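*Asks:*
Numbering (my numbering), first residue to last: 854 to 1012.
#1: Let me know if residue 951 comes out buried or exposed under the rule of 16 or more other beta-carbons within 10 Å of its beta-carbon.
#2: Does the distance from the CB of residue 893 to the CB of residue 901 come in under 9 angstroms?
#3: What does a CB cutoff of less than 7 angstroms around residue 931 pick up in its chain, not counting 5 residues either side in sequence?
#4: Classify residue 989: buried if its beta carbon has 16 or more other beta carbons within 10 angstroms, exposed otherwise.
#5: Report the three-state DSSP secondary structure of residue 959 (helix, strand or coil).
#6: Please give me, in chain order, every unbroken run of the beta strand (DSSP E) with length at least 3 that falls completely inside the region 900–965.
#7: Just curious, the alpha helix (DSSP H) that residue 985 is in, first and last residue?
#8: Would residue 957 and residue 936 qualify as a contact pair, given that the criterion is a beta-carbon distance under 9 angstroms?
#9: In this structure, does DSSP put residue 878 in helix, strand or coil?
#10: Given residue 961, which residues of its chain have a CB within under 7 angstroms of its CB, disregarding the five upstream and five downstream residues?
#11: Figure out for me which residue from 953, 904, 918 has the closest Cα to the Cα of residue 940.
#12: Using CA atoms only, rank isn't needed, just tell me which of 909, 885, 917, 905 is closest to residue 895.
#13: Applying the criterion that 16 or more other CB atoms from any shown protein chain within 10 Å of the CB defines a buried residue, is residue 880 buried or exposed?
#14: Just to confirm before moving on: does the CB-CB distance between residue 897 and residue 978 stay below 9 angstroms?
#15: I'd like the list of long-range same chain contacts for residue 921, defined as Cβ closer than 8 angstroms, with 5 residues on each side in sequence excluded.
#16: Helix, strand or coil, according to DSSP, for residue 892 in the structure here?
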């Protein structure tokens, strides 16, 4: 098996499981919240009327659907933890901690996504958390379902 074939298989396998899990949780939340389901359906109907079919551009225009997907990924992140290794010495002045190069660190994605100081009432499914103004008020690393930095999941480009 060539390297390219192996990488393609890994990309497909990893993407299939996380995508299907996210879709399952999104459908579960939509079944629980008929008001949200109705808004998504209305947005899809408007898009179909405008475009005649569900094209890539049509889906990209569905801002409420994107909020629903982002809220699903917040509440049910595909990876609850991220493991990384420091590539350089880092000093964290807020907590007075020095992390030398080579230190293994764990980022608690699930914990960040369920922190009530960042997301009030974190167990509530609320796509409005992803309104432009709400997103601007949060630290950019308060939402990391795909990781962050040079090893960010390529799947981020798919939503």
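For every residue, glycine included, the Cβ atom is placed at its ideal position computed from N, Cα and C.
Since this is a predicted model, take the numbers as computed values, not measurements.
*Replies:* In brief:
#1: exposed
#2: no
#3: 871, 874, 875, 998
#4: exposed
#5: strand
#6: 935–938, 943–945, 950–952, 957–960
#7: 985–990
#8: yes
#9: helix
#10: 934
#11: 953
#12: 917
#13: exposed
#14: no
#15: 879, 882, 883, 889, 893, 980
#16: helix
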